[in-house]
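>
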Ligand code: NAP
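In the working numbering, the protein residues as written are 86 to 341.
As structure tokens, then:
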């Protein structure tokens, strides 16, 4: 099995669960995010549990110079990244476009699109050079469908779907697998971030419904990663059984 993975947004939720499943399968993992204290806790936990090497990396994916500088100057033992999980991402607000905050749009575009591109740009050339690698982009059902107030977030995730598709074409013949995993509702810190730290409002999103867990998504990621090298799972949409579209859940479906 490949031995080094880089997971962005590994301090919480889906990224953290991905780091864990990789470690459990004997892969050394670079865990990147802005909250170093969380990464240090995760490093401690995973190294103890799975006896693999974990490299915590305080990284803001929106900072172009930092991404290029840190990822092009990884410690020598960590340079051969074979699996990249572009997971760092967020939504900010749920306002209609006419009421939207420009600064929130910029944060989402900078993180979900530009950040993913900066990280990919730092890692991909080495994969091309060695004719080997796996890139997983965490998109969303929101990239396939929009919902009221989802405007810019949905657009960023649609961009991620297109970037995965385009990258698959650009690396054709280079033995690089590009995989998109697109979850529906997952209970993580996602809604707390969306609602600016309002935990009560975030909690309501997951009331009276059984959402996906971060581990459900990580298991799907691992399924795709662990296929033989000639197999690319191009795109998986993974939904809670109680959610039938980006907008429609058992909570708002009146005709049950
Ligand atoms: P989460 O628990 O809030 O985790 C988001 C992660 O992204 C955190 O580790 C956060 O770490 C990191 N992050 C945010 N901005 C960053 C930046 N500028 N630089 C580096 N890291 C950054 O939410 P999640 O649900 O696991 O989200 C993970 C991905 O899944 C996102 O791309 C999200 O869009 C996608 N997704 C989520 C859902 C859902 O319902 N939860 C559904 C579909 C898709 P720091 O704050 O420490 O930097």
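Glycine included, every Cβ here is placed at the ideal spot set by N, Cα and C.
How many angstroms separate the CA atom of residue 301 from the CA atom of residue 246?
Along the chain shown, read from residue 1 onward, the residue named residue 301 stands at position 216. Along the chain shown, read from residue 1 onward, the residue named residue 246 stands at position 161. Their Cα atoms are separated by approximately 20 Å.
> DSSP puts residue 113 in a beta bridge; with which residues?
Counting from one through the chain shown, the residue named residue 113 turns up at place 28. In the DSSP output, where bridge partners are listed per residue, residue 113 has 89.
> Any heavy atom of the ligand NAP closer than 7 Å to the beta-carbon of residue 288?
Counting from 1 along the chain shown, the entry for residue 288 is found at position 203. No; taking the cut-off as 7 Å, the Cβ of residue 288 has no heavy atom of the ligand NAP nearer than that.
> Does the beta carbon of residue 331 fall short of 7 Å from some heavy atom of the ligand NAP?
Within the chain shown, numbered from 1, the residue matching residue 331 stands at position 246. No - the ligand NAP has no heavy atom lying nearer than 7 Å to the Cβ of residue 331.
> Would you check if there are 3 or more beta carbon pairs closer than 8 Å linking the stretch 302–309 to the stretch 204–217?
no
> So, for residue 277: in the same chain, excluding its five sequence neighbours on each side, which residues have a beta-carbon less than 8 Å away from its beta-carbon?
As a position in the chain shown, residue 277 is number 192, starting the count at 1. So the list reads 283, 284, 287, once near-sequence residues are dropped.
> Roughly how many angstroms separate the alpha carbons of residue 336 and residue 296, rounded to a whole number?
Here residue 336 is taken as the residue at index 251 of the chain shown, counted from 1. Here residue 296 is taken as the residue at index 211 of the chain shown, counted from 1. C-alpha of residue 336 to C-alpha of residue 296: approximately 12 Å in a straight line.
> Please determine whether the Cβ atom of residue 139 lies at a distance below 7 Å from any heavy atom of the ligand NAP.
In the chain shown, residue 139 corresponds to position 54, counting from 1. Every heavy atom of the ligand NAP is 7 Å or more from the Cβ of residue 139, so no.
> In whole angstroms, what is the alpha-carbon distance linking residue 130 and residue 154?
Translated into positions along the chain shown, residue 130 becomes position 45. Translated into positions along the chain shown, residue 154 becomes position 69. So the two alpha carbons sit approximately 28 Å from each other.
> Between which residues of its own chain and residue 315 is the CB-CB distance below 7 Å, once the five residues before and five after are set aside?
For the purposes of this step, residue 315 is identified with residue 230 of the chain shown, where counting begins at 1. Spatial neighbours of residue 315 in its own chain (CB-CB distance under 7 Å, excluding positions within 5 residues in sequence) are not present.
> Taking the straight line between their C-alpha atoms, what separation do you get for residue 104 and residue 145?
Your numbering for residue 104 matches position 19 in the chain shown. Your numbering for residue 145 matches position 60 in the chain shown. Each residue's alpha carbon lies about 18 Å from the other.
> Relative to the C-alpha of residue 102, which candidate in 236, 210, 338, 170 has its C-alpha closest?
Looking up residue 102 in the chain shown gives position 17. Looking at the Cα atoms, 170 is the closest of the given residues.
> Rounded to whole angstroms, what's the CA-CA distance from residue 123 to residue 134? Just pull it up for me.
Within the chain shown, residue 123 is the residue found at index 38, counting from 1. Within the chain shown, residue 134 is the residue found at index 49, counting from 1. Those two C-alpha atoms are separated by around 17 Å.
> Is the beta carbon of residue 92 closer than 8 Å to that of residue 342?
Since the first residue of the chain shown is 86 and the last is 341, residue 342 is not available in this structure.
> If distances are taken between C-alpha atoms only, which option among 110, 199, 308, 243 comes closest to residue 147?
In the chain shown, counting from the first residue as 1, residue 147 sits at position 62. The option with the nearest alpha carbon to residue 147 is 199.
> What three-state label does DSSP hand residue 259 in the structure shown?
Reading the chain shown from its first residue, position 174 is the one you call residue 259. Note: residue 259 maps to coil in three-state DSSP.
> Assign residue 132 to one of three DSSP states: helix, strand, or coil.
Start at 1 with the first residue of the chain shown, and residue 132 comes out as number 47. Residue state, collapsed to three classes: helix.
> Figure out for me which residue from 329, 324, 320 has the closest Cα to the Cα of residue 264.
The residue given as residue 264 occupies position 179 in the chain shown. Considering only alpha carbons, the answer is 320.
> So the beta strand (DSSP E) residue 140 belongs to, where does it begin and stop?
In the chain shown, counting from the first residue as 1, residue 140 sits at position 55. Residues 139–143.
> Report the CB separation of residue 231 from residue 193 in whole angstroms; it is logged as a contact under 8 Å.
Here residue 231 refers to the residue found at position 146 when the chain shown is read from its first residue. Here residue 193 refers to the residue found at position 108 when the chain shown is read from its first residue. Actually they do not touch by this definition, with Cβ atoms about 14 Å apart.
> Taking residue 220 as the reference, give the member of 256, 186, 275 with the closest Cα.
Translated into the one-based positions of the chain shown, residue 220 becomes position 135. Of the listed residues, the one whose Cα sits closest to residue 220 is 256.
> Under 8 Å between the Cβ atoms of residue 94 and residue 218?
Numbered from its first residue, the chain shown carries residue 94 at position 9. Numbered from its first residue, the chain shown carries residue 218 at position 133. It is not a contact, given that the beta carbons lie outside the stated cut-off.
> Going by the beta-carbon positions, is the gap between residue 324 and residue 234 smaller than 8 Å?
By one-based count along the chain shown, residue 324 stands at place 239. By one-based count along the chain shown, residue 234 stands at place 149. No, Cβ-Cβ distance for residue 324 and residue 234 is not below 8 Å.
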